[in-house]
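Structure record follows, encoded as structure tokens.
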Amino acid sequence: MNARGETVELRAMGTPDAEALWRWNHDPDVMRWMGEGYPQSPARVHRWLAEERPRNDFGDVLLGVEVIADGTLIGLVRLHGAEPETGCADLDIYLGEKEYWGKGHGTDAVRTACRFGFDKMRLHRIQLTVATENAPAVHLYRKVGFVEEGRLRHTFRRDGRWGDKFVMGLLAGELT
């Protein structure tokens, strides 16, 4: 169930990815705009990937983002909450390898994930939320065709202050 873009390939994640996932989830720069979770041990992350995470299916697909040129796993993308009755899913993405930031891999990963969602999962709509202050992510989402549909007030806390999130949506024919 791989999906290939121009610079990245999306592939299923497994136990060999546990160390990278643990490292990313404990890096404050990577997690800056993500919802804060609780610290986990590397063994706990490994167990989650090996035993507890449901296998990929229509309702929830977790894929690693791998750079085609050098085979490095740099992040993850997830389409979840998908329902065949509505044809809608939520998108989550982050790149954990900071040396790959700003090189177009995130844009390619989002495009590839959305194309996978529309073509393979037969989705009609993909939606996401993003902190309004996360300008690089907002720019990326707009670039691939996402439209701001609303604002969730004070739903995100960072650096001791409350912030807002945009709700953004993309319909099947709008991917650029």
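Remember, the numbering used here sits 466 above the position in the sequence shown when you count from 1.
Beta carbons: idealized from backbone N, C-alpha and C, even for Gly.
As the structure is a computational prediction, the values presented were derived from the model and not from experiment.
Measuring straight from C-alpha to C-alpha, what distance separates residue i and residue j?
{"i": "ALA516", "j": "PHE632", "result": "34 Å"}
{"i": "ARG477", "j": "LEU539", "result": "10 Å"}
{"i": "HIS590", "j": "GLY537", "result": "31 Å"}
{"i": "VAL531", "j": "ASP574", "result": "10 Å"}
{"i": "LEU528", "j": "LYS564", "result": "20 Å"}
{"i": "LEU618", "j": "ARG510", "result": "32 Å"}
Give the C-beta separation of residue i and residue j to the nearest angstrom, bearing in mind that I take them to be a contact with Cβ-Cβ under 8 Å.
{"i": "ILE592", "j": "LEU561", "result": "With 8 Å as the limit, ILE592 and LEU561 do not qualify as a contact, their Cβ atoms being about 18 Å apart."}
Quick one, which of the options has its alpha-carbon nearest residue i's?
{"i": "LEU487", "options": "ILE534, VAL543, TRP499", "result": "VAL543"}
{"i": "GLY629", "options": "GLN506, ARG498, VAL531", "result": "ARG498"}
{"i": "GLU551", "options": "GLY530, MET587, ALA535", "result": "MET587"}
{"i": "LEU545", "options": "ASP536, GLY525, GLU563", "result": "GLY525"}
{"i": "ALA601", "options": "ASP483, TRP490, GLY626, GLY568", "result": "GLY568"}
{"i": "GLY553", "options": "ARG519, ASP483, MET634, ASP585", "result": "ASP585"}
{"i": "ILE559", "options": "GLU549, ALA548, HIS571", "result": "HIS571"}
Does the Cβ of residue i have 16 or more other Cβ atoms within 10 Å, making it buried, or fewer, making it exposed?
{"i": "VAL533", "result": "buried"}
{"i": "GLY583", "result": "buried"}
{"i": "VAL613", "result": "exposed"}
{"i": "ASP483", "result": "buried"}
{"i": "ALA603", "result": "buried"}
With a cut-off of 8 Å, do at least 3 Cβ pairs link the region 569-581 to the region 471-478? yes
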